[in-house]
Amino acid sequence: MIRRRTVMASMAGMAVTAPLVAGCSGGGGGSEAKAPDSGALDKADGETTVAFWHSMDGTNGDTLEKLVKAFNEKNSGKITIKPVYQGEYDDGITKYKAAVQSGSTPALVQIYDLGLQFMIDSGTVVPMQSFIDRDSYDVSDIQPNIAGYYTVADKLWSMPFNTSMPVLYYNKKLFEKAGLDPDKAPETLDEVGEAAKALSKKNDGPAEFGFNGAIYGWFVEQIIATTGELYCTPDNGRGKERASAFAFDNDAAVEFLTWWKKLVDDGIAGNTGRAPADAQDAFKSGTIGITLESTGALGGMKEAADEQDFELGVGFYPRIEKNEYGPVIGGASLYVVGEKHSDAEKEAAWKFVQFCNEPANQATWHTGTGYFPVSKKALDEPEDTKWRKDFPQFDVAIQQLDETELSTPTQGGTAGIMPQARKAVEEAWEGILQGDDPKEGLTKAVKGLQSALDQYNDSAG
Amino acid sequence: MTTTSTDASTVPDASEIPRRKPSRRGQYSSWLYLVPALAVFAVFMFFPLARSFVLSFQGNDILGRPAGFVGAEHYLKLLQDSEFHAVLLRTIAFVVLTVVPVIAISLMLSLLLHQRIRGIRFFRTAFASPFAFSVATASVIFAVMFNQATGVLNGILGTFGIGRVGWITDPHIALISIALTTVWMQMGYNLLVLSAGLGSVPDDIIEAARLDGAGGLRLQRSIIIPLLTPQIFFLLVTGTINSLQSFGQIHILTRGGPQGSTTTLVYSIYEQAFAYGNSNFGYASAQAIVLLIVVVVITALQFGLVERKVFYQ
């Protein structure tokens, strides 16, 4: 037994410390990389292999593999793209960091929206803009609102790959039962509140809850964008300077959370917590009137609606006032990695990015996954028009994207510690539902982030 | 499992027992036999431990690379950080909330299931079955049951006219819900160990106690439970360490929320090192060292205070 004690103690030590030595030391960042000479691929001998790390699993992963296969066949003998699933977005960026340290990065990597500023500061990527400028690549087909998110200081850093937006989902059957017009989605927070009131069991309505959505920091980012306010300053981190302070304790966010809290307090809205899956499950069960979710959830929602025998309605993400700006896109994008990769590899990665952007391939991507097509022309592809006949709800999403006016607020905020900022918003939100004052709660979160943001900016130089 | 083990090194004067003195060759070969085990320990335990220790005195750049020594800065920060103090208290609370109920419930169940009743085998298997569930599976199932809007738990409460409970969304309740999930998951294993212990209680002791007039509860309290104390002690020690290291159920059910109310030490280490784009390996390593100290101290206390009460046959 005595021997066992030391084993146990050291095992405990091992279990907790082993993962922390993920990386040791490695090469430095260095200055911004440029696209190589365009002839790099022709000069390369034999086949150029490009490792491609991504975070797409399930159906999305299958569709991605399909695109990769088509590309590899087309470029057989010259280029092979080797896709590797690296886990969820958070895992992906963690593994990328470790790879930079050990000098084993892939030449092409998919990183989520929140990682933009970090990827720029990592000093490891070749900005997409430098390929575009070199080849005078025609960007007119790229949806400008999508590209806007990945643009900092007028430079496109990565190619948007999978893009979604939040929309309002509602249950038409419950709307009818509550005496509401099932063909008209509520447009403002007040309208959503009114509809939810009529829908909820609390007020003798047909739904368990009139409204229920996840405590999801993304939603606060959206409402801020719709009113034209900023998430962080200066300029949402979109100018020459990095964002040096957060500003999400503004009126839009306060009004949104005050509204949300009142619905919960009145028993009109449920609170299924932070996990988007839990809020989705609740809505899919057919007992929730209205929810907010990403367009990426549309396929699953439609399927559940058919199973539970209700018709699914989709509307614009609600605004505080009518006719405000559109919301911000989310998702992930593709970065070409410069460090430790040959010119031929970079060039091959760029070739694959262009291939993905072709309208026909974007139609495959769009119909296979439900993510927005990056290419505007993709919507005219027969495959795509046919798909949207089955999913007319998706046209609402397209319309919302098209109607969004590109501006600093609708580009969305970007800062070095965006993932932490989103978490801080969610924690403040939880506190507000527990009785904290919305303004105070958000201001406290803003202040709490300052030292981490300063530290990041100092460290990034 | 013996309380006092005597080996050569503790004998006052080994030279008095010439038979025990190993030959030079024997010494070398015994080291040789140890090499594989030592190599594994060195690579997977001692090296990471030493590395963590060094990392805990270093800062990190945005990519997570060590960036210069910062002295004891991380440890001082831990001392001052009221949030970290809350994490420590919460971790201890979580251990108590899981280990005590698990052992109490599985002890009661194992005593009940030890009766010779027709069909008892079915119940033995059923109660031990949580052992076969992975953390992920169990957590996902509990997440569905805990759902505030559509979960079965609130459905049952509703039929009794009781309002909805935010099982994993109310900061005051979430830790208890995670503990509940953990208790359910660990019960199967505890039950198996205790049942095996019960099976090995010698019949003659029971027989003798019966002849002396002991029966029912008296027999269980004075004879059977004391004879089970080695198993109970084993479960206490392993259960505590298990519980200190709980991660999966927290990650799946609450991600440490709401408002950090389920962020235990291990989860806090994960958050600092890997989650939310963080790569504060230095600060996380300092927390890992604290965890190591906590584990060692608690385990030492258990051996120092509790083991004395263990009855070894």
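Heads up: the sequence lines are chains A and B, in that order. With the first letter of the first sequence counted as 1, position 71 gets the number 71 in our numbering; the numbers rise by one all the way through. With the first letter of the second sequence counted as 1, position 278 gets the number 1278 in our numbering; the numbers rise by one all the way through. No residue lacks a Cβ here, since even glycine has one placed at the ideal position from N, Cα and C. Source: prediction; values computed, not measured.
_Residues that A/Asn162 bridges to, as DSSP identifies them_ = A/Ala332
_Pair within 8 angstroms by beta-carbon distance, A/Thr291 and A/Tyr169_ = yes
*Taking C-alpha atoms, which residue in A/Thr295, A/Met418, A/Thr63, A/Lys69 lies nearest to A/Phe246?*
A/Met418
*Look up B/Glu1207 in the DSSP assignment and say whether it is helix, strand or coil.*
helix
*Could you tell me the distance, in whole angstroms, from the CA atom of A/Gly331 to the CA atom of A/Glu221?*
14 angstroms
*Of the residues A/Ile288, A/Phe161, A/Phe256, A/Ala253, which one's Cα is nearest the Cα of A/Gly267?*
A/Ile288
*Can you have a look at A/Cys24 and say buried or exposed, based on whether 16 or more other CB atoms are within 10 angstroms of its CB?*
Any reading at A/Cys24 must be qualified, since the residue scores a pLDDT of 28, below 50, and its modelled position is unreliable; no value is offered.
*Selected residue, minimal CA-CA separation from A/Met56, among A/Gln399, A/Leu312, A/Lys66, A/Phe248*: A/Lys66
*Where does B/Gly1068 fall in DSSP's three states?*
strand
*What's the gap between the Cα of B/Leu1078 and the Cα of A/Glu430?*
25 angstroms
_Going by beta-carbon coordinates alone, are B/Ser1139 and B/Gly1304 separated by less than 8 angstroms?_
no
*Nearest to A/Ala33 by CA position, among A/Gly58, A/Ile224, A/Ser130, is which residue?*
A/Ser130
*Output yes if chain B places a C-beta closer than 8 angstroms to the C-beta of A/Ser459; else output no.*
yes
*Exposed or buried, which one is B/Phe1122 when buried takes at least 16 other CB atoms within 10 Å?*
exposed
*From A/Val446 to A/Asp249, what distance separates their C-alpha atoms?*
7 angstroms
*May I have the straight-line CA-CA distance separating A/Lys444 from A/Ala428, to the nearest angstrom?*
8 angstroms
*Using the C-alpha atoms, what's the distance from B/Phe1053 back to B/Pro1036?*
25 angstroms
*Contacts around A/Lys486, its chain only, beta-carbon distance under 7 angstroms, and the 5 residues preceding and following it disregarded*: Chain A is shown only over 1 to 461; residue 486 of chain A falls outside these bounds and no answer can be derived.
_I want to see whether chain B comes within less than 8 angstroms of A/Thr258, judged by CB atoms only; does it?_
no
_Pop quiz: A/Asp251 and A/Thr408 are said to be a contact at Cβ under 8 angstroms. What is the actual Cβ separation, rounded to whole angstroms?_
Actually they are not in contact, since the Cβ atoms of A/Asp251 and A/Thr408 sit about 17 angstroms apart, beyond 8 angstroms.
*asked:* Are the CB atoms of A/Asn145 and A/Thr369 within a distance shorter than 8 angstroms?
replied: no
_So with CB distances below 8 angstroms, who are the chain A contacts of B/Gly1166?_
Asn271, Gly273
_Just to confirm the assignment: which complete alpha helix (DSSP H) runs, minimum length 4, are found wholly within the stretch 49 to 129 of chain A?_
58 to 74, 89 to 102, 116 to 122
_Helix, strand or coil at B/Thr1299 [DSSP, three-state]_ = helix
*Cross-chain neighbours of A/Glu303 in chain B, by beta carbon under 7 angstroms*: In chain order: nothing, as chain B lies at least about 17 angstroms away.
*Please work out which residues of its chain come closer than 7 angstroms, Cβ to Cβ, to A/Ser451, disregarding the five sequence neighbours upstream and downstream, and give them in chain order.*
none
*Helix, strand or coil for B/Ile1360 per DSSP?*
For residue 1360 of chain B there is no data in the structure shown, the boundaries of chain B being 1001 and 1313.
*Residues of chain B with a CB under 8 angstroms from the CB of A/Ile93: which are they?*
Gly1277
*Under three-state DSSP, which class holds A/Thr291?*
strand
*On a CA-only basis, which of A/Lys340, A/Leu449, A/Asp154 is nearest A/Leu406? Give me that one, please.*
A/Asp154
*Tell me, please, whether the CB atom of B/Gly1257 is closer than 8 angstroms to any CB atom in chain A?*
yes
*asked:* Whole angstroms are fine: how far does the CA of B/Pro1230 sit from the CA of A/Gln117?
replied: 56 angstroms
*Can at least three beta-carbon pairs, one atom from the stretch 1255 to 1267 of chain B and one from the stretch 1107 to 1115 of chain B, be found at a separation below 8 angstroms?*
no
*List, in order along the chain, the chain A residues whose C-beta lies closer than 9 angstroms to that of B/Asn1190?*
Result: empty, since nearest Cβ-Cβ is about 17 angstroms, beyond 9 angstroms.
*A/Val328 and A/Gln393 look like a contact to me (Cβ under 8 angstroms); what is the Cβ gap, rounded to whole Å?*
So it is not a contact: roughly 20 angstroms between Cβ atoms.
_Residue-chain proximity (A/Val100, chain B), Cβ-Cβ < 8 angstroms_ = yes
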